[in-house]
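Notes follow the structure.
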Amino acid sequence: MPPGIMTLAADKATLSPANTGFMLICTALVMLMTPALAFFYGGMVRVKSVLNMLMMSFISLGIVTVLWVLYGFGLAFGQDNGGFLGWSGDFAGLGGIGLTELWGTTTIPVYVFAVFQLMFAVITPALISGALADRVKFTAWALFIALWATVVYFPVAHWVWAEGGWLFDLGVIDFAGGTAVHINAGAAALGVIFVVGKRIGFKKDPMRPHSLPLVMLGAGLLWFGWFGFNAGSWLNNDDGVGAVAFVNTQVATAAAMLGWLGYEKLRHGSFTTLGAASGAVAGLVAITPACGAVSPLGAIAVGVIAGVLCAMAVGLKYRFGYDDSLDVVGVHLVGGIVGSLLIGLFATGGVQSDAKGLFYGGGLEQLGKQAVGVVCVLLYSLVASFVLAKIIDWVMGFRVSEDEEVAGVDQAAHAETAYDFGGAGGGAVARPGAGAAAGAAPSRGDGPVRSKRQDTAAASGKAPASGETTASGKEKRVDA
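Each number in our numbering comes from the position in the sequence shown (counting from 1) with 372 added on.
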């Protein structure tokens, strides 16, 4: 609760309009990242699943926001209970907070901190959705978001970021979400994949990104929003730490993109746009926990290492047979692990804290702490997510029917198509017979409209050549 009005101003921190405004801008930037993620993922799926992919991100904005207000903020950042969970009655419903009540020793209001952290809570389950493209029920996904946020994200956020959280007290460094966001989401994606299984045609049919321009747009907006994600996590703009985080975010992302493209050229012979976008995201993921601990030179190392290792990791799904549709495991889980562990090597001890990594004379102590955080968050999220998905699958079924998957989840779940090439309509699926009665073109939501060249090729028995660029840079044929 806020201090009494008679308390001398010199005895307490005072609200800073500059820091408050800065944090509100950062909050808006982080909010933008969820629609950006929707575009990034939406461009990578086939035409028949675009809207479903967009909605799997957007629905998180609705569900998690309401849960955060009701109890999520209290569970994550309320008074500590044994290091594993928080709670504060004043935070329930955000009803017991004064307008100018400050968050801890900061100079920003509790409301500002709460809404900033809300945007992290929103995007984390949305990240998971990329692993499940084309094949899950929208209602089951919505229920999973609610349960997962409650059982996994809110407690893990408390462990990592709240005073009294056991990983926070251990000294694990996670500036903006390497463990709480990316490892958490990546491990959860793997757990749910084990329940829902593979897409029909996985490793047999080509599953080409339908719009690489959308992917690049999403990646660019993610890069833009990530400056708020990282620089804002210091909660002020007074001492230069946020500025270092901002610089490191730019540097590591650029280096990771170059690292991914270099690996891709050597391994597959091409520099692809999807590789550039994926490499940038890998760098953003990896620098997230480390941006307040390393120097710009260290950020280059983090970025290059993450870019190469994540590019290598996306191919593991073919080797081990798990269908991580849009490489959430390969980019977010692996990138989060890389960035979190490299703190133990490259932390300078001169930015957010005095903790030093191995290469700066700190020995193996910080690396050991980082490893504990990585392993514990990974295992908890993996197991809990598998159990939650299994319960949902048992109660209502997590996966759409085979016919719905083949026809397209957009029609089955949303009664819409992403693109209407047949007229001036807005993409809604026409009622049976309505198009014929009105002389309108039939709905084509089960795939892209065929070109005259494709129709001619089909009539002649020849299939037109069409290249697919995957995250690994391989060329494949295209299907709808």
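C-beta atoms are modelled at their ideal positions from N, C-alpha and C, and glycine is treated no differently. Given the structure is predicted, the values throughout are model-derived calculations rather than measurements.
{"Check": "Report the start-end ranges of each alpha helix (DSSP H) in the region 429-509 that is 4 residues or longer and not cut off at the edges.", "Outcome": "445-449 and 482-500"}
{"Check": "In angstroms, rounded to a whole number, what distance separates the CA positions of G468 and V484?", "Outcome": "14 Å"}
{"Check": "Alpha helix (DSSP H) containing C663: first to last residue?", "Outcome": "No alpha helix (DSSP H) holds C663; DSSP gives it neither H nor E."}
{"Check": "Going by DSSP, what residues sit across from K728 in a beta bridge?", "Outcome": "T720"}
{"Check": "According to the neighbour-count rule (16 or more other Cβ atoms, all chains shown, within 10 Å of its Cβ), is K575 buried or exposed?", "Outcome": "exposed"}
{"Check": "Can the beta-carbon of V436 be found less than 7 Å from the beta-carbon of A493?", "Outcome": "yes"}
{"Check": "Which parts of the region 561-633 are runs of the alpha helix (DSSP H), unbroken and 4 residues or longer, counting only runs that do not cross its ends?", "Outcome": "584-603"}
{"Check": "With a cut-off of 8 Å, do at least 3 Cβ pairs link the region 391-407 to the region 559-575?", "Outcome": "no"}
{"Check": "Looking at the structure shown, is E788 part of a helix, part of a strand, or coil, going by DSSP?", "Outcome": "strand"}
{"Check": "From what residue to what residue does the alpha helix (DSSP H) around V767 run?", "Outcome": "E737 to M768"}
{"Check": "Can you tell which of M427, A518 and G722 has the C-alpha that lies nearest to the C-alpha of P668?", "Outcome": "G722"}
{"Check": "Got a sec? Which residues, its chain only, sit under 6 Å from F463 by beta carbon, not counting five neighbours each side?", "Outcome": "F445, G446 and G450"}
{"Check": "Which partner residues does R639 have in the DSSP bridge list?", "Outcome": "Its beta-bridge partners do not exist; DSSP assigns none."}
{"Check": "Can you have a look at W595 and say buried or exposed, based on whether 16 or more other CB atoms are within 10 angstroms of its CB?", "Outcome": "buried"}
{"Check": "Please classify A561 as buried or exposed, where buried requires at least 16 other C-beta atoms within 10 Å of its C-beta.", "Outcome": "buried"}
{"Check": "Keeping to the same chain, check which residues put their C-beta closer than 7 Å to that of G558; ignore five residues upstream and five downstream.", "Outcome": "V700, V701, H704, L705 and G708"}
{"Check": "What did DSSP end up calling R862 once you bin it into helix, strand or coil?", "Outcome": "The displayed coordinates of the chain run from 373 to 852. Any statement about residue 862 would go beyond what the structure contains."}
{"Check": "Candidates V544, T477 and S432: which alpha carbon is nearest I495's?", "Outcome": "S432"}
{"Check": "Straight-line CA distance for G458 to H530?", "Outcome": "7 Å"}
{"Check": "Give me the DSSP bridge partner(s) of R771.", "Outcome": "V508"}
{"Check": "Whose C-beta lies closer than 6 Å to the C-beta of G670 among residues of the same chain, with five residues either side of it excluded?", "Outcome": "F718"}
{"Check": "In the DSSP assignment, find the alpha helix (DSSP H) that holds G780 and state where it starts and stops.", "Outcome": "Unbroken run through G780: none, as it is neither H nor E."}
{"Check": "For C398 versus G600, is the C-beta distance shorter than 7 Å?", "Outcome": "yes"}
{"Check": "Hey, quick one: how far does the alpha helix (DSSP H) through L539 stretch, first residue to last?", "Outcome": "W538 to L542"}
{"Check": "Can you tell me whether I397 is helix, strand or coil according to DSSP?", "Outcome": "helix"}
{"Check": "Helix, strand or coil for T392 per DSSP?", "Outcome": "helix"}
{"Check": "Report the three-state DSSP secondary structure of A812 (helix, strand or coil).", "Outcome": "The pLDDT assigned to A812 is 36, lower than 50, so where the model puts this residue is not dependable; a value taken from the coordinates is nonetheless given after this. The answer is coil: DSSP assigns A812 none of H, G, I, E or B."}
{"Check": "Report whether the distance from the Cβ of T625 to the nearest heavy atom of the ligand HEM is below 6 Å.", "Outcome": "Ligands displayed in this structure: none; no statement on the ligand HEM is therefore possible."}
{"Check": "So the alpha helix (DSSP H) L681 belongs to, where does it begin and stop?", "Outcome": "P668 to A685"}
{"Check": "Could you check which residue in I763, G415 and I659 has the C-alpha nearest to that of L713?", "Outcome": "I659"}
{"Check": "Among residues of its own chain, excluding the 5 on either side of V487, which ones have a beta-carbon nearer than 7 Å to its beta-carbon?", "Outcome": "T399"}
{"Check": "Among the residues of its own chain, which have a CB less than 6 Å from the CB of G454, if the five just before and after it don't count?", "Outcome": "none"}
{"Check": "So, using beta-carbon positions, are A649 and V587 closer together than 7 Å?", "Outcome": "yes"}
{"Check": "Under DSSP, the alpha helix (DSSP H) around L529 begins and ends at which residues?", "Outcome": "The question names Leu, yet the displayed sequence has Ala at residue 529. Per DSSP, A529 belongs to the alpha helix (DSSP H) from F526 to W533."}
{"Check": "With a Cβ-Cβ cutoff of 7 Å, do L782 and A503 count as a contact?", "Outcome": "Reading off the sequence shown, one finds Asp at residue 782, where the question assumed Leu. The answer is no: Cβ separation not under 7 Å."}
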